[in-house]
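In the working numbering, the protein residues as written are 14 to 555. Beta carbons: idealized from backbone N, C-alpha and C, even for Gly. Values in this document were obtained by computation on a predicted structure and should not be read as measured data. Contents: one structure, followed by commentary.
Here it is, written out as C-alpha cells:
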C-alpha cells in the first residue's frame, strides 16, 4: 500500500514515481490531501492499474469519473453540502435565494454544482454575485434585488468582510438568513477582525444566526462500528493517544479509509478463491488489468458503518453525513444533520434560533389591499337614506291623496310629485355609489358605474327641473308689470322638465357610445405592514 501526504507537487510526484519504479508492487494508493498533487496522481492511476483512496481531498474536480475513474474518497466532496442545502431550503419553504461567491475555483465549482442541484426544484436563484476582494458592491446588489436567503461560498478572511458589508447594509437580523461554509476554524473571526474596518460588536451582530454547512467529522450515533467501537469510544481513544498533538477533522475518515481498503482486499480474495483458485492478490502487477478491475469493483461495493457514519460510495463519491451549525452568542451550535444515504434531514428540537418570531421570508411580500368603504359607515348612510326615502314616499302619498285640495292644487301637485320622484332616485344612487370592488365583481362593477351615473343624473335633473319650472312660472307671472291675467299650465312646465331630461339623455347616450365608463384601479404608495416588517402593503382603490 502506497501512502502519501505530500502537498508539494514536485516532491509528491517524485515520491510516487520512485515508489512505482523502485519499490515493490503496490496494490493501492492511500492518501492525497492537497488537490493539486492528488489530481495529478489520480489522473495517471489508470495507466498504472491502481485504485486510489483519499481521506482528505474534498475538491469537486475529483468527482469527474471520466478523468479520474480509479479515484475514491472516504470524505465527502465540497459539493456534498449542496443536496443538504436543498433539503434545508425545502424544510423552511425558502423558494427564492441568492448566491455570493468568492472568485476562487473551489468556491465557483460548488456554486455551479448548487445551481444544477436547485434546477427543477422550484427554487429560484434570483441573483448570482461574485467578488475578488471587496464584497460590498455584491452585497448591495443582493439587497437591491431583495434577496433574503443568501448562500455564501468564501473563506474566513472574506467572511469577515462580507459580514461587515452586511452590517453596513443592514442585511442581518430577523429579515435575512446567511448560509455559509461550516469548516472555518473555531473563533475564526478573531484572526481577521483587525484587517476589517468594522467594530467587533458590529461584526458579531451581523454574524448572529448564520448557518454553517460542513461534513460531520464523526458520527453522532451511539452504534458499534465495523471495528467494534462506537464513534464516541473511538474519539476518546484517539484523543488519549494523540495527547497534546493537534487534532485533524479528517482523522475519522482516515480511520474508515483503512477499513475500506481492508474490506476491499477481503472481498477481492473471496472473489478470487471462488472463481480462480490459481490466482492470488499477490500476483497483482501494474499491467494486470483483470486484478485491477476486481479491486475497483470490490471498492465500489463498500457498505459498512464506520466512525464517520455509513460508508457507501456512489461513483467513487462518499455518501456521508452533513452537519448544520448555527452561530449563537459567539459560538457555533449544532442544529441538525443531513444523511446523504437516506436523503433525510434531521433538525434538533428547538435548537435553531431565528432573530424573529418565525424563519425569515425568502422575499418581501407585497400584498394588495383594497381600500373599501367602511361597512359601518355605509350601513349608517344606508339607514339614513332609507329613512329619507320613507319620508319622500310619505310626502308623495300625501301629495297624491290631497291633490284636489285648494292649497295643494295651487302648488302644482304634478311638479311636486316630480320633485319627490327625482329626490327618491337621487337617494337610490347613494346605495349604488356605496358598492365598491369588495361587493361586486369586476364585470358587474362597470355596469354599476353606468347605472348609478344615469340614476343620479336623471334624478337630479327631474327634481331640479321641476323646481326650476315652478320658480320660472312664479317669475313669469309676477314680472308682468301690466298685471294682466296670465295662465301657465302644468303641461308647459312638464315640457320644460322634459326638455332638460332630453338634453341629459342625449349627453349620457353620446358618452356611453363614445367613451363608456371603465373600471380603473388606482394604486397608492407602498406601506410597511405594522404586524410584519417583511410585508409591504399596496393599497388600491377602484
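Beta-bridge partners of residue i, as assigned by DSSP
| i | result |
| --- | --- |
| residue 140 | 111 |
| residue 352 | 334, 357 |
| residue 225 | 193, 338 |
| residue 316 | 325 |
| residue 344 | 341 |
Among the options, the one whose alpha carbon lies nearest that of residue i
| i | options | result |
| --- | --- | --- |
| residue 187 | 202, 221, 150 | 221 |
| residue 371 | 99, 189, 35 | 189 |
| residue 210 | 242, 197, 175, 237 | 175 |
| residue 459 | 39, 276, 341, 525 | 525 |
| residue 85 | 98, 69, 427 | 69 |
| residue 128 | 171, 216, 416, 166 | 166 |
| residue 297 | 41, 27, 30, 29 | 41 |
| residue 340 | 260, 35, 198, 322 | 198 |
| residue 116 | 444, 324, 171, 131 | 171 |
| residue 300 | 26, 33, 389, 29 | 33 |
| residue 309 | 278, 338, 291 | 278 |
| residue 53 | 26, 328, 492, 275 | 26 |
| residue 46 | 87, 77, 38, 402 | 87 |
| residue 568 | 159, 38, 231 | The structure shown has nothing for residue 568, since the chain only spans 14 to 555. |
| residue 152 | 169, 212, 138, 181 | 181 |
| residue 138 | 164, 469, 202 | 164 |
| residue 239 | 249, 270, 511, 91 | 270 |
| residue 96 | 416, 333, 345 | 333 |
| residue 72 | 56, 51, 57 | 51 |
Three-way DSSP call (helix, strand, coil) for residue i in this model
| i | result |
| --- | --- |
| residue 339 | strand |
| residue 102 | helix |
| residue 66 | strand |
| residue 263 | coil |
| residue 400 | helix |
| residue 527 | helix |
| residue 162 | strand |
| residue 536 | strand |
| residue 174 | helix |
| residue 41 | strand |
| residue 85 | strand |
| residue 291 | coil |
| residue 366 | coil |
| residue 463 | helix |
| residue 128 | helix |
| residue 33 | helix |
Whole-Å CB distance - residue i paired with residue j, under 8 Å assumed
| i | j | result |
| --- | --- | --- |
| residue 479 | residue 518 | Going by Cβ atoms, the distance from residue 479 to residue 518 rounds to 16 Å, so no, they are not a contact pair. |
| residue 74 | residue 48 | 7 Å |
| residue 64 | residue 83 | 5 Å |
| residue 264 | residue 251 | 6 Å |
| residue 556 | residue 514 | The first residue shown for the chain is 14 and the last is 555, placing residue 556 beyond what the model contains. |
| residue 161 | residue 306 | Not really, about 51 Å apart at Cβ, beyond 8 Å. |
| residue 155 | residue 131 | Rounded, the Cβ-Cβ distance is 17 Å, inconsistent with contact. |
| residue 217 | residue 343 | 6 Å |
| residue 114 | residue 90 | Rounded, the Cβ-Cβ distance is 17 Å, inconsistent with contact. |
Legend entry - At least 3 beta-carbon pairs within less than 8 Å: the segment 215-229 vs the segment 189-203: yes
Legend entry - Cβ pair count under 8 Å reaching 3, the segment 433-453 against the segment 384-402: yes
Inset, instruction - Please determine if the segment 105-113 and the segment 338-353 are in contact, where contact requires at least 3 C-beta pairs separated by less than 8 Å. - result: no
Legend entry - Contact between the segment 396-416 and the segment 468-475 (3+ Cβ pairs under 8 Å): no
Inset, instruction - Count the CB pairs spanning the segment 314-327 and the segment 235-254 that are closer than 8 Å, and state whether there are at least three. - result: yes
Inset, instruction - Give a yes or no on contact between the segment 119-128 and the segment 360-374, applying the rule of three or more CB pairs nearer than 8 Å. - result: Because the criterion of three Cβ pairs below 8 Å is not met, the segment 119-128 and the segment 360-374 do not touch.
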